[in-house]
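Notes to accompany the following structure.
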Amino acid sequence: MKNILEIKTIADYFKLRNYEVLHPLVGIVDFKKVNQSGYTNKSYDGFHYSCYAIFLKDAVGCKLKYGGNSYDYDEGTLVFMAPNQTIELGGYEPGFVPKGYALLFHPDLLLGTSLANKIHEFNFFAYSSNEALHLSAKERKLILSLLEKIQFELEQPIDKHSKKLIVTNIELFLDYCLRFYDRQFITREVVNKGTLEKFDHLLSQYFSSEKPKINGLPSVAYFADQLHLSSNYFGDLVKKETGKSAQEYIQAKLIDVAKEKVFDPNKSVSEIAYELGFKYPQHFSRLFKQKVGRSPKEFRATLN
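Each residue of the sequence shown is one higher than the last, beginning at 1 in UniProt numbering.
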């Protein structure tokens, strides 16, 4: 059985690193200041987090597994963990010494702040490790400056301004990461287009097979899994490339297939609905009319 360490509080992680806790709900670890002994003989297979954790990896040689995929981190890579996620440790190269920073904050820190209402918008907390954010030199410099501001506040005596300034800088940190991810989607345009082509192919295959009758309507999660991507990353990729959500893209393909089937006068609307994966024909008719402007029967009549 794998030995997974529960990181329930900031103190749990800081104790592991033998690092001083300055605030019970938020902290930054600078790995240059950590006692590095013992890393080559780790006693844990992974960590399960009950807090948010962001790692700036500045060293190669550390393999992590997340979502079943292994990933070798390059210098200047940001990895995001949300509460109730588990990250497994893979192998360490001989002489590996971790470099970089870890920013951890507990959900309770956000209570009563604007970030509490906004945190779910940062989809990258649900990305897999192979979808990590790779920073340019200028981006890394900016990220480090924000970490420095947060650390500055952590080292001050706590007053009525502390929480606001800390959370505001964390929010600014995340806003910049969102911008950098948008940049990464653009710089990976060729790879993204290849993924969309595969998605189109998988969609066509799905609707031309017996899968809709057996498994029902295809989900975003199904295609993300087929493409070895997390649902959030896949959804963001489709949105960036097409302007449509992944669900909208699937529905558009479904309607195209439905139009072809409706053209066949030998098939009833109910038969077509079941062939496409609908449990109830009326749900198919409702969606068809919503997208096409006519019911399936009305659309068929215009073709005759």
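Using N, Cα and C, we set each Cβ at its ideal position, and we do this for glycine too. Quick caveat: nothing in here was measured; it's all calculated off a predicted structure.
I'd like the span of the alpha helix (DSSP H) that includes residue i, first residue to last.
i, result
"Asp12", "Ile10 to Leu16"
"Leu202", "Glu189 to Phe207"
"Lys57", "Note, Lys57: premise wrong, no alpha helix (DSSP H); beta strand (DSSP E) at Tyr52 to Lys57."
"Glu241", "Ser231 to Thr242"
"Glu275", "Val269 to Leu276"
"Ile214", "Lys211 to Asn215"
"Phe223", "Val220 to Gln226"
Judging by CA-CA distance, which residue of the options is the nearest neighbour of residue i?
i, options, result
"residue 351", "Leu287, Lys213, Ser231 and Thr187", "Beyond the ends of the chain as shown, which are 1 and 304, falls residue 351; an answer cannot be given."
"Lys57", "Lys267, His134, Val21 and His120", "His134"
"Val262", "Gly243, Gly235 and Val292", "Val292"
"Ser231", "Ser136, Val26 and Ala221", "Ala221"
"Phe47", "Gln85, Lys240 and Val26", "Gln85"
"Tyr249", "Phe223, Tyr181, Pro107 and Phe124", "Phe223"
With H, G and I counted as helix, E and B as strand and the rest as coil, what does DSSP make of residue i?
i, result
"Glu248", "helix"
"Thr113", "coil"
"Leu104", "strand"
"His283", "helix"
"Phe180", "helix"
"Gln290", "helix"
"Asn69", "Reliability of the predicted coordinates at Asn69 is poor, the pLDDT of 44 falling under 50, and no value is obtained from them."
"His134", "strand"
"Val60", "With a pLDDT of 49 at Val60, under the threshold of 50, the modelled position of that residue is not reliable, and the figure given next carries that caveat. Correct three-state label for Val60: coil."
"Glu6", "strand"
Where do the ends of the beta strand (DSSP E) carrying residue i lie?
i, result
"Asp30", "Val26 to Asp30"
"Glu148", "Here Glu148 belongs to no beta strand (DSSP E); instead the alpha helix (DSSP H) covers Ala137 to Leu154."
Mind checking whether the beta-carbon of residue i lies closer than 8 Å to any heavy atom of the ligand COA?
i, result
"Phe125", "Among the components of this structure there are no ligands whatsoever, and the ligand COA is therefore not found."
Handout entry: Any 3 or more C-beta pairs closer than 8 Å across the stretch 154-174 and the stretch 111-127
Key = yes
Handout entry: At least three beta-carbon pairs within less than 8 Å, the stretch 142-161 to the stretch 197-208
Key = no
Problem - Validate contact between the stretch 277-293 and the stretch 216-223 using beta carbons, cut 8 Å, 3 pairs - result: yes
Exercise for the section: Count the CB pairs spanning the stretch 250-260 and the stretch 283-302 that are closer than 8 Å, and state whether there are at least three. Expected result: yes
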